[in-house]
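Using our numbering, you'd call the opening residue of the sequence shown number 52 and step up by one each time. Every residue, glycine too, gets a C-beta built ideally from N, C-alpha and C. Given the structure is predicted, the values throughout are model-derived calculations rather than measurements. Below is one structure; the comments refer to it alone.
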Amino acid sequence: MFVICNRIPVAKGHEAEFERLFLERDDSQSQHPLKSFPGFIRNDILRPTREEPYVVLTYWDSKEDFEAWTNSESFREAHRGRGRSEIFAGHPNLEIHEVIKSVVRA
């Protein structure tokens with residue numbers, strides 16, 4: 052399993068607008084485009100509790116599945132016109148991690 056970690060710096064005072072980009076997208080579509088994409092497992096949007104970037108975690112069966120998503124028309128459509136540049140405090144930082152161990156509640 053692969054976890055994509057996208058750290059997105061958001062300008063102070065624009066947090067609610069940034070969060071709406073994700074919340075309204077899910078509310079306006081009967082099915083989020085990720086849900087039916089092969090290899091997709093889960094997507095989490097994390098709000099920082101300190102002066103840190105927002106974190107978007109996306110879980111995939113394989114790195115190839117993630118790469119297929121980023122090369123798809125669904126990806127381009129999902130990211131088209133997403134947000135005004137002034138809501139961002141810098142460029143996002145994308146990290147790709149392979150899960151080597153996972154512990155879950157019994």
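Taking contact to mean at least 3 C-beta pairs separated by less than 8 Å, is the region 114 to 127 in contact with the region 89 to 100?
-> Short answer: they touch.
Whole beta strand (DSSP E) elements within the region 84 to 123, 3-residue minimum
Within the region 84 to 123, the runs of beta strand (DSSP E) at least 3 residues long that lie entirely inside it are, in chain order, 91 to 97 and 105 to 111.
Just to check, is the beta-carbon of F88 closer than 7 Å to a non-hydrogen atom of the ligand GTP?
With respect to the ligand GTP, the structure offers nothing, as it holds no ligand at all.
Backbone CA spacing between M52 and I138 [nearest angstrom]: Their backbone Cα atoms lie some 32 Å apart in a straight line.
| From this set, R135, H148 and S153, which residue's C-alpha is nearest C56's C-alpha? | Taking the Cα of C56 as reference, the smallest distance to any Cα among R135, H148 and S153 is reached at H148.
_DSSP three-state label for R58, please._
Strand, per DSSP.
Thinking C-beta only, is A62 closer than 8 Å to A160?
The displayed coordinates of the chain run from 52 to 157. Any statement about residue 160 would go beyond what the structure contains.
TODO: Specify the secondary structure class of I138 as computed by DSSP and reduced to three states.
DONE: In this structure, I138 counts as helix in the three-state DSSP scheme.
Which same chain residues end up closer than 7 Å to D95 when comparing Cβ atoms and leaving out the 5 residues on each side of it in sequence?
The beta carbon of D95 is closer than 7 Å to those of L108 in its chain, skipping five residues each way along the sequence.
ask   = Taking buried to mean at least 16 other C-beta atoms within 10 Å of its own C-beta, is I59 buried or exposed?
value = By the neighbour-count rule (16 or more Cβ atoms within 10 Å), I59 is buried.
Mind checking who H148 pairs with in its DSSP beta bridge?
Under DSSP, the beta-bridge partners assigned to H148 are V54.
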